[in-house]
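Listed in order, the protein sequences are those of chains P and W. For what it's worth, the working numbering labels the leading residue of the first sequence as 798, then goes sequentially. For what it's worth, the working numbering labels the leading residue of the second sequence as 269, then goes sequentially.
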Amino acid sequence: MTAKGTPRTLTREFVEELSVEKGEPPWMRAHRERCLTVFAQSPLPRFGPDLSQLDFSDLAYYARPVDPVTRWEDLPDEIRRTFQALRLPEAEQKALAGLGAQVDSEVVYRSLLDEVRAQGVIFASMDQAVREHPWVQDYFMKAIPPEDNKFAALHGAVWSGGTFIWVPPGVEVAIPLQAYYRMQTEAVGQFEHTLIVAEPGSSVHYIEGCSAPRFARSALHSGMVEIFAKEGARVRFTTIQNWSKNVYNLNNKRALAHAGAAVDWVSGSLGSKVTMLYPTTVLLGPGARTENLSFTFAQDGMWLDSGARALHRAPDTTSRLVSRSVVQGSGKSVFRGTVHVSPLAKGSKAHVECSTLLLTPDAKTETIPILNAETDDVELGHEATVGRVSQDQLFYLMSRGLSQAQAMSLIVNGFVSPILKEIPLEYAIELKGILEMSFERAIG
Amino acid sequence: MRVCGPVRLEQGGPEIVPVEPWCLTVAGARQLRAAPERGSLVTMPVLVVEDLHVSVGKEPILRGVELALEPGRVHALMGPNGSGKSTLAFTLAGGPGYAVTQGRVSLDGEDLLSLPPFERARKGLFLAFQYPPEIEGVSLREFLRLACAERGQGFCEFQKSYPQAISRLRMEAFDGRELNVGFSGGEKKRAELLQLYLLKPKVALLDEPDSGVDVDALRLIAGAIRDLAEGGAAVLIITHYPRILDHVPPSEVFVLDGGRIVERGGPELAQRIGEEGFEAVRG
């Protein structure tokens, strides 16, 4: 890009220029322009959090404060220190098959283990994949078209960076691949696109982490994830976001699961001002399965509107949607669990379970289950609970020598343990740390 | 009898430092007895409760309780339902909702009532609950590891002491379970004793440790309580039924009624209550 780091506003010229500068094929340029048109015509979502404070004219739609490098040492000091503090180089050494790191709009670092590369796995930046593999067109925004919602359309017009993963038939990637997203510029918009194609019988676990420093002006993160899990493939997608409290985090995530495929979404939402996130799996082939495990921690002033959708379109498909929300201060958490079973999906099973723990009198929560079956031959289960931390429990733990913050954090950790144990260890430890810190702050 | 504190038990015998603010009167004077398990050492009370008045809501429950607990000894607090036994236990441990309107309590000569519950625990006070709450998702072991760390026990020490305690209390089946979740009444009591065993408190308050347990568990519990006292802890068994006291003879029995200690004596007092009921001691 020529004007590196210059904030850009949202115009047709900008979108064209972005495509030209990225050296994209004509189909992508046409796609961006179509998305921009749809964006202009779409209304804001008619449900959920108030987005009226989100100013589309006060965002930098493209920012590239850092040039890509091939070695951590070559990154500018500030960014390098940030990534070190996040222990990314360490994780890369110890626990990952591949790692990508993106700052604002562009991927700045990427690595892949030789043996994984030798298996034929492609792990590339999305930009690179669009340039190098014409067949990406068959997948890109085919799971989530721009007409789906305003932010899908915006994303399609201005997307930049993100990850492309292709796993060849029968290949199992034994250890996880990871990407880290960092927003570094004030009032930036980050629109990374993640596309995973898992060929028949393959398996992969992908982890993404997100964070940003806090600025005065709001920032927007509107990523999109599309997963294509073919016959018998297994894909697990883990996201841990700890955005600062000035970030609007409005994402689209959808997976298509073919016969016998399994797609698991694991999400931990700890940060942001507003989050709207409803990972969806369309169970397209017989015997396809999905699990959606979500943990949200809505702290003072935050509105975390999350959910999960399972759309059963084939016989003998299974879904399990589990959520644990913890709400503190004046935070608000909403869980929308949607299961739709079409007439074809006989013999399917769906289970929705959401529990909320309120830590303060001002904390708010809502649970909105929508279970809709168009066949009788189906097993549907739903459980919802809302509770408060009881004085009895707190006193009991304190009477054993734990401080109030320790006691609170133990109770909360116990409450979220069904999700926590599904989260990779390093992140689980970080989550526990974040919880404990917030209780110490709150209790003083 | 006047007892002056703070009192420290050291090798050469108790050192008594008479400092005016700590001088206190123990009601129901009796002779200081040498603790048999401590040879020639004279025991001094580790926990002293003086003129304790406690209200719950606006209702006064305790109206001037006086008692002292000695290290290495088992004491029993008996009394009819509603006499204030549990209120005393929760007040000592710092439970929410118990307002001390008058009186003082000291642990090792230090004021106890101004401390938050976890400081009391860290100084060596332990309350075994009659109805311990269930804490979902928290493993018994992980919880105990945390609590032991706060009592100054290192990880290695815990790695050794935990399996020992588990086998002593025959709780092998509890390992890996969540704290009190789905435990039967008897299992909860044993889990409380396991904590007691590992945390090694100076003062153990046991609120109805025998309610709802079968004979075998009762023997196990009684054995553990004797171990605890032999290890030097001051133990207070709170009960309205003398059954457990047959297995753990107390050196002193307090009878609480109407928010006051109305009678005190040796093990024969518990026996009399067992035979004649609380009416016998109400006078």
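Positions of the beta carbon are idealized from the N, C-alpha and C atoms, including for glycine. Given the structure is predicted, the values throughout are model-derived calculations rather than measurements.
Compare the beta carbon distance of residue i and residue j with 8 Å and say whether it is the shorter of the two.
i, j, result
"M980/P", "A1009/P", "yes"
"L992/P", "F1012/P", "no"
"L393/W", "A361/W", "yes"
"T851/P", "S1015/P", "It is worth fixing the name first, because residue 851/P is Leu in this sequence and not Thr. Going by C-beta atoms, L851/P is nearer than 8 Å to S1015/P."
"V1136/P", "A1107/P", "yes"
"Y936/P", "S902/P", "no"
"P973/P", "E996/P", "no"
"S1122/P", "T1093/P", "yes"
"A1160/P", "L1141/P", "no"
"G1068/P", "V1032/P", "no"
"R532/W", "E520/W", "yes"
"L486/W", "L461/W", "no"
"R884/P", "G897/P", "no"
"E1223/P", "V1063/P", "no"
"S1130/P", "D1097/P", "no"
"A497/W", "R388/W", "no"
"I1004/P", "P1221/P", "yes"
"H1179/P", "S1139/P", "no"
"V449/W", "E404/W", "yes"
"K819/P", "D945/P", "no"
"Q812/P", "A926/P", "Strictly speaking, residue 812/P in this sequence is Val, with Gln absent from that position. No; because the gap between Cβ atoms is not below 8 Å, this pair is not in contact."
Closer than 7 Å by beta-carbon distance: list the chain P residues that pair up with residue i, in chain order.
i, result
"L418/W", "According to the sequence as given, residue 418/W is Glu; it is not Leu. Ordered by position in chain P, the residues that pass the 7 Å Cβ test against E418/W are G1198, L1199."
"A361/W", "S1196"
"F397/W", "Y1193"
"P364/W", "Q1188, F1192"
"F546/W", "Near F546/W there are no residues of chain P at all, since even the closest Cβ is about 28 Å away, more than 7 Å."
List the residues of chain P whose Cβ lies closer than 8 Å to the Cβ of residue i, in chain order.
i, result
"I403/W", "Q1190, Y1193, L1194, L1207, I1208, G1211"
"L260/W", "This structure cannot settle anything about residue 260/W, because the visible part of chain W is limited to 269 through 551."
"R390/W", "G1198"
"F426/W", "Those within 8 Å of F426/W in chain P number zero; the least Cβ separation is about 13 Å."
For chain W, find out if any of its Cβ atoms is closer than 8 Å to the Cβ of residue i; answer yes or no.
i, result
"S1214/P", "yes"
"Q1203/P", "yes"
Would you mind giving the Cβ-Cβ distance between residue i and residue j, rounded to the nearest angstrom? I have them listed as a contact below 8 Å.
i, j, result
"E446/W", "V483/W", "Incorrect: roughly 28 Å between the Cβ atoms, too far for contact."
"I506/W", "K353/W", "5 Å"
"G386/W", "G1104/P", "Sequence inspection shows Phe at residue 386/W; the Gly mentioned does not correspond to that position. Not a contact, Cβ separation roughly 38 Å."
"L315/W", "V471/W", "5 Å"
"V1114/P", "G1084/P", "In the sequence on display, residue 1114/P carries Thr and not Val. At roughly 7 Å, the Cβ-Cβ gap stays under 8 Å, so T1114/P and G1084/P are in contact."
"A892/P", "V970/P", "So it is not a contact: roughly 13 Å between Cβ atoms."
"N1048/P", "S1091/P", "No, N1048/P and S1091/P are not in contact; Cβ-Cβ is about 13 Å, not under 8 Å."
"G1006/P", "Y977/P", "5 Å"
"M825/P", "I941/P", "The Cβ separation is near 16 Å, so there is no contact."
"A502/W", "P339/W", "5 Å"
"S1187/P", "P364/W", "Actually they are not in contact, since the Cβ atoms of S1187/P and P364/W sit about 11 Å apart, beyond 8 Å."
"L1207/P", "F451/W", "With a Cβ gap of about 18 Å, L1207/P and F451/W do not count as contacting."
What residues of chain P sit near residue i, judged by a beta carbon separation below 9 Å?
i, result
"R458/W", "Per Cβ cutoff of 9 Å: no residues; R458/W is ~16 Å from chain P at best."
Does any residue of chain P bring its CB to less than 8 Å from the CB of residue i?
i, result
"P385/W", "yes"
"G307/W", "For G307/W, the predicted model reports a pLDDT of 44, less than 50, meaning its position is unreliable and no value from the coordinates is stated."
"L414/W", "yes"
"G444/W", "no"
"V322/W", "no"
"F451/W", "no"
"L421/W", "For clarity, residue 421/W is Gln in the given sequence; the question names Leu instead. Chain P, which has no Cβ nearer than 8 Å to the Cβ of Q421/W, makes this no."
"V406/W", "yes"
"Q463/W", "yes"
"F522/W", "no"
"W290/W", "Bear in mind that a pLDDT of 29 at W290/W, under 50, signals an unreliable position, so the model cannot answer this."
Residues of chain W with CB closer than 9 Å to the CB of residue i, please, in chain order.
i, result
"S1187/P", "P401"
Taking 7 Å as the line, does the beta carbon of residue i fall inside it for any heavy atom of the ligand ADP?
i, result
"L1191/P", "Only the bare structure without any ligand can be found here, which leaves the ligand ADP out of the picture."
So which residues of chain C does residue i contact, with C-beta pairs closer than 8 Å?
i, result
"P517/W", "This model lacks chain C altogether; the protein chains it does include are P and W."
Exercise. Please list the segments of the alpha helix (DSSP H) lying wholly inside the stretch 810-870 of chain P, counting only runs of 4 or more residues, in order along the chain.
Key: 823-838
Practice problem: Only counting runs of 3 or more residues, tell me where the beta strand (DSSP E) segments fall wholly within the stretch 365-450 of chain W, in order along the chain. | Solution: 366-375, 393-396
Exercise. Would you mind listing the beta strand (DSSP E) stretches within the stretch 897-961 of chain P that are 3+ residues and don't spill past its ends, in chain order?
Key: 903-909, 919-922
Exercise. Pick out the complete alpha helix (DSSP H) segments inside the stretch 1171-1216 of chain P, 4 residues or longer, and give them in chain order.
Key: 1188-1195
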